[in-house]
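Encoded as C-alpha cells, the structure appears first; notes follow it.
Quick look at the structure:
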C-alpha cells in the first residue's frame, strides 16, 4: 500500500525528533563525562603519585580524606623517658632482676624504662612482672624477633624500623593476624575446600582463603604464575589455575595492606616483565620472605606457650601478614620509630 504524502512527512518528522533527542542525550552525556569527574574530584579530592614511566599509567591514586585518616592512625607513641646513657659501674638488670633476659645487659634504669613502655605498647602489665604468665615468655621471644628485624632486615624495613607498638598498637593481640583456614568441604579438592568463602581475608571475593598459608608460611611455592601463552604448552611452568587464583588473593592482600595498587610495583605494559618492575617490587619480595621467617621462627614456636583461647580453630597460633605491621601505610607508622629505642636494634645498644 502506498503511503500518503502526509504519512511520509509524519514518519520523517518522528525520525528527526527521535534523532534529535538521541543527539541531545549524547551531548549531555559527553558534557557529564567531562564535568562530573571534576565535580567529584572537588567533593572527594585525590592525590596521585607517579611510580613508573610516564605514559604507562603507573601511578598510585589515593583519596585525600583516606590519607588523613591513615596519618591519624599511624602516629608513634612518644617515649615517656629518653634513652639513658649508662654510667661506669651502674648496676645491670640481671643483677637486680633474676628473670630479666634477654634484657639483662641493660642498666636497671634502661630496663625499667623499656619494660614500662613495652607494657603500654602491648596493653599487658604482666610482662616481666609475673613469670607464671605466658605473656612474659612470648615477650622474650618477640624481643629477639624485633631485634632481628631491625638488625638483619633493614633491606625491607629500611628507615622506619619496628617496635612492639608497630604491630600491637596498645592491644595484646595485634589486629590483622590470621589463622590457618578451615576447609569448607574437607572431602573435596582445593577449589571446593578454600574457594567461595566470604571472608574478610579475601575481601569477600571467591578467591582462595589459603593464599596466606601458601605464600606467607610455606616456602616452596613461587608467586609468579605468568605465562606468555594461554597455557604453557611446553610444560615449562608448574603453576596451576588454582595457584593463579592464590596469587590474585595475595596481590589483593599486598595492595590493601600498604594502600597501593598494582602499578605500585608492576608496569602496565607487561606486568610479568621484570625489566619494568619498580623498586617496590623487590622490597615486597623481601617482605614476603621476611614474613615467612617471622611466622616460622617466632610465631609457630610460640604455640605451646599460649593458652587454648589464644589459638585458632585448628589449634594453630596467630600469624602475621603485611597488614599486621603496615596497617594501610606504605611505611610502618609513617616513619622512623627507633630513635628512642636502641635496645630494640641490638643486644648491645648504642646510646647517642
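In our numbering, the protein residues as written are 150 to 501.
C-beta atoms are modelled at their ideal positions from N, C-alpha and C, and glycine is treated no differently.
Practice task
Could you pull out every residue in the same chain whose Cβ sits closer than 6 Å to the Cβ of residue 394, ignoring the five residues on either side in sequence?
Solution key: 356, 357
Practice task
Give the range of the beta strand (DSSP E) segment to which residue 198 is assigned.
Solution key: 195-199
Practice task
Would you kindly report the start and end of the unbroken alpha helix (DSSP H) that includes residue 286?
Solution key: 283-301
Handout entry: residue 208 - containing beta strand (DSSP E), residue span
Key = 208-212
Practice task
Use the C-beta contact count for residue 490: other C-beta atoms within 10 angstroms, 16 or more gives buried, fewer gives exposed.
Solution key: buried
Exercise for the section: Assign residue 359 to one of two classes, buried (16 or more other C-beta atoms within 10 Å of its C-beta) or exposed (fewer than that). Expected result: buried
Exercise for the section: Compare the Cα-Cα distances from residue 223 to each of 259, 322, 408, 459 and report the closest residue. Expected result: 408
Practice task
Tell me, to the nearest whole angstrom, how far the beta carbon of residue 502 is from that of residue 308; I am working on the premise that it is less than 8 Å.
Solution key: Residue 502 is absent from the structure shown; the chain starts at 150 and stops at 501.
Exercise for the section: Count the other C-beta atoms from every protein chain shown that fall within 10 angstroms of the C-beta of residue 346, then say buried if there are 16 or more, exposed otherwise. Expected result: buried
Handout entry: Pairwise C-alpha distance: residue 231 and residue 208
Key = 40 Å
Practice task
Specify the secondary structure class of residue 430 as computed by DSSP and reduced to three states.
Solution key: helix
Handout entry: With 16 other Cβ atoms within 10 Å as the buried cut-off, status of residue 262
Key = buried
Exercise for the section: Return the CA-CA distance between residue 466 and residue 233, expressed in angstroms with no decimal places. Expected result: 36 Å
Exercise for the section: Please determine, among 276, 445, 412, 441, the residue with the shortest C-alpha to C-alpha distance to residue 210. Expected result: 412
Handout entry: Local conformation of residue 354 per DSSP, three classes
Key = coil
Handout entry: At least 3 beta-carbon pairs within less than 8 Å: the segment 466-484 vs the segment 250-258
Key = no
Problem - Residue burial classification, residue 288 (beta-carbon count within 10 angstroms, cutoff 16) - result: buried
Practice task
Give me the Cα-Cα distance between residue 396 and residue 372, rounded to the nearest whole angstrom.
Solution key: 6 Å
Problem - residue 200 classed as buried or exposed, judged by whether at least 16 other C-beta atoms fall within 10 angstroms - result: buried
Handout entry: Per-residue DSSP class, three states only, for residue 327
Key = strand
Exercise for the section: Please report how far the alpha carbon of residue 274 lies from the alpha carbon of residue 332, in whole angstroms. Expected result: 37 Å
Exercise for the section: With DSSP as the reference, label residue 393 as helix, strand or coil. Expected result: helix
Exercise for the section: For residue 418, I'd like the list of residues in its chain whose CB is within less than 7 Å of its CB, leaving aside the five on either flank, ordered along the chain. Expected result: 205, 425
Handout entry: Minimum C-alpha distance to residue 442 - residue among 220, 298, 464, 236
Key = 298
Handout entry: Beta-bridge partners of residue 256, as assigned by DSSP
Key = 241
Problem - Beta-carbon proximity check, residue 350 vs residue 366, cutoff 8 Å - result: no
Exercise for the section: Taking only heavy atoms of the ligand FAD into account, decide whether any of them is closer than 7 Å to the Cβ of residue 356. Expected result: By its list of ligands, the structure shown contains no ligand whatsoever, and the ligand FAD lies outside what it can speak to.
Exercise for the section: Could you check how far apart the C-beta atoms of residue 260 and residue 249 are, in whole angstroms? I think they sit under 8 Å. Expected result: 6 Å
Problem - Same chain only: Cβ atoms within 6 Å of residue 452, ignoring 5 sequence neighbours per side - result: 466
Practice task
Could you tell me the distance, in whole angstroms, from the CA atom of residue 237 to the CA atom of residue 293?
Solution key: 26 Å
Problem - Start-to-end residues for the alpha helix (DSSP H) that takes in residue 360 - result: 360-365
Practice task
Leaving out five residues on either side along the sequence, give the residues of the same chain with a beta carbon under 7 Å from the beta carbon of residue 195.
Solution key: 210, 211, 212, 213
Practice task
May I ask which residues mark the beginning and end of the alpha helix (DSSP H) holding residue 229?
Solution key: Taken as a continuous stretch (DSSP letters only), residue 229 belongs to no alpha helix (DSSP H), as it is neither H nor E.
Practice task
Decide if residue 406 is buried, meaning its Cβ has at least 16 other Cβ atoms within 10 Å, or exposed.
Solution key: buried
Problem - Rounded distance between the beta-carbons of residue 428 and residue 328, thought under 8 Å - result: Going by Cβ atoms, the distance from residue 328 to residue 428 rounds to 33 Å, so no, they are not a contact pair.
Practice task
Take the Cβ of residue 433 as the centre, count every other Cβ of all protein chains shown within 10 Å, and call the residue buried at 16 or more, exposed below.
Solution key: buried
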